[in-house]
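Converting from the sequence shown to the numbering used here requires adding 1350 to each position, the first position being numbered 1. Built from N, CA and C at the ideal position, the CB exists for glycine as well. Fair warning: this is a prediction, and the values are worked out from it, not measured in the lab. Worksheet: the structure to be examined is printed underneath.
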Amino acid sequence: KSVQALATFFKIKPEEILVVHDELDFKPGVVKLKHGGGNGGHNGLKDIDRVIGKNYWRARVGIGHPGDAAKVAGYVLNKPVTDDLVEIERSLDKLLKNFDMLIAGDFANAQKVIHTS
1351 KSVQALATFF KIKPEEILVV HDELDFKPGV VKLKHGGGNG GHNGLKDIDR VIGKNYWRAR
1411 VGIGHPGDAA KVAGYVLNKP VTDDLVEIER SLDKLLKNFD MLIAGDFANA QKVIHTS
């Protein structure tokens, strides 16, 4: 609901929104940009999809997987181990270093740079 409230107040179209979220399917340190598509079961994305649709950008930041589906909830809600945290911070730095391209709407080049560096 917060995303919808901000988008409505500032008159931001869904395709102009970038949501940064954790991604269990990627190793820590991996970051990928994606436009639209499914939510992969991510509860936060499900909520956003319900209120603004799926036509928004996502920065999927890898956090790794605990290896056991029963441990996922605790894993995502707790602080990462030090080595993983270092890699996650590096991936966020990579995203921020290319943020000017994202703000300018140059997502294709941002994807190329972020996905290959």
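Asked, Found
"What is the DSSP secondary structure of Gly-1386, reduced to helix, strand or coil?", "coil"
"Can you check which of these residues, Lys-1384, Pro-1416, Tyr-1425, Leu-1427, is closest to Asn-1473 by C-alpha distance?", "Past the boundaries of the shown model lies residue 1473; the chain is included only from 1351 to 1467, so the question cannot be answered."
"Taking the beta carbon of Val-1436 as the centre, do at least 16 other beta carbons fall within 10 Å, making it buried, or is it exposed?", "exposed"
"In terms of residues, what are the limits of the alpha helix (DSSP H) holding Glu-1366?", "That residue, Glu-1366, is in no alpha helix (DSSP H); it is neither H nor E in DSSP."
"Tell me where the alpha helix (DSSP H) around Gly-1403 begins and ends.", "Premise fails: Gly-1403 is in no alpha helix (DSSP H) and is neither H nor E."
"Use the C-beta contact count for Ser-1441: other C-beta atoms within 10 angstroms, 16 or more gives buried, fewer gives exposed.", "buried"
"Find out if the Cβ-Cβ distance for the pair Arg-1408, His-1371 is shorter than 8 angstroms.", "yes"
"Taking 8 angstroms as the threshold (C-beta atoms), are Val-1381 and Leu-1445 in contact?", "yes"
"Name the residue from Leu-1368, Gly-1412, Gly-1387, Lys-1377 whose alpha carbon lies nearest to the alpha carbon of Met-1451.", "Leu-1368"
"Determine the closest residue to Gly-1388 out of Ala-1423, Asn-1405, Pro-1378, with distance taken between C-alpha atoms.", "Asn-1405"
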